[in-house]
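**Student:**
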Amino acid sequence: MATSLKNLSDYTSDQFIDISDKRFGLVVAEWNRTITDTLCQGAYETLLKHGAKEENIYRNTVPGSFELGLGAQLLAQHEEIDAVICLGVIIKGETRHDEFISHAVAQGLMNVGLKFNKPVIFGVLTTENEEQAWDRAGGKHGNKGVEAAVTAIHMLGF
Ligand code: DLZ
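Just so you know, we're using this note's numbering here: the sequence shown kicks off at 19 and counts up by one.
(1) According to DSSP, G160 sits in a beta bridge with which residue or residues?
(2) Any chance you could list the residues with Cβ under 7 Å from a heavy atom of the ligand DLZ, keeping chain order?
(3) Out of E97, Y62 and Q125, which has the shortest C-alpha to C-alpha gap to I171?
(4) Can you name, in chain order, every residue of its own chain whose Cβ lies under 6 Å from the Cβ of V46, other than the five neighbours on each side?
(5) Give the list of continuous beta strand (DSSP E) stretches no shorter than 3 residues that lie fully inside the segment 30-76.
(6) Quick one: what's got a C-beta closer than 7 Å to T177's C-beta in the same chain, skipping five residues either side?
(7) Report yes or no: do three or more beta-carbon pairs, one from the segment 117-124 and one from the segment 146-164, lie closer than 8 Å?
(8) Taking a contact to mean a Cβ-Cβ separation below 8 Å, would you say S38 touches K67 in this structure?
(9) Using the Cα positions of R77 and D36, report the straight-line distance between them to the nearest angstrom.
(10) In whole angstroms, what separates the C-alpha of A94 from that of N147?
(11) May I ask you to report which of helix, strand or coil DSSP gives T21?
Quick look at the structure:
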């Protein structure tokens, strides 16, 4: 069934819908676990704060960020799941592994969202070091897990 086209002026950046019956999948990478757990906590609390029910939030882990794409797909393929939030921390090392993983994850998550026509959020930190990651996981730049959850809610209202 085709959805009706809303007036463009309806789309505002602070648009939030009732998410009390929405189901969310959280996919969390285990690399840099203490940081990804903090991102996850931020996302989880934000969903609850905006009205999601605890029993409607499904949390799964994957070994590393590279596996977020498949993890997202395995959740997104379920009709009951409305949005998937992927959380990871990719820290630059001596080699270019971080670039390959980051690009693959970004592209992979975009593909899953477009394939299943539902929000699949890229909540992945790509930093030079651990300090920069903590700055974005509850530190001076906020918690990007919170932002990822807000983005998912925003997209559900689209
Ligand atoms: C191998 C690897 C490396 C070196 N660094 C990270 C990282 O900083 N963040 C992350 O989430 N994952 C890392 N991984 C693991 C890969 O994402 C992946 O799990 C493995 O290459 C196996 O496919």
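C-beta atoms are modelled at their ideal positions from N, C-alpha and C, and glycine is treated no differently.
Here the structure is a predicted model, which means the values were calculated and not measured.
**Tutor:** Let's see:
(1) G157
(2) A47, W49, N50, P81, G82, S83, F84, E85, G106, V107, I108, I109, G111, H115, D116 and I119
(3) Answer by Cα proximity: Y62.
(4) The residues are T54, C58, T79 and L105.
(5) 42-47
(6) Since the first residue shown for the chain is 19 and the last is 176, residue 177 is missing from the structure and cannot be characterised.
(7) no
(8) no
(9) Roughly 21 Å separates the two Cα atoms.
(10) 31 Å
(11) Confidence at T21 is low in this model, with a pLDDT of 49, below 50, so the placement of that residue should be treated as unreliable; the coordinate-derived value is given next. Here T21 carries a coil assignment [DSSP, helix/strand/coil].
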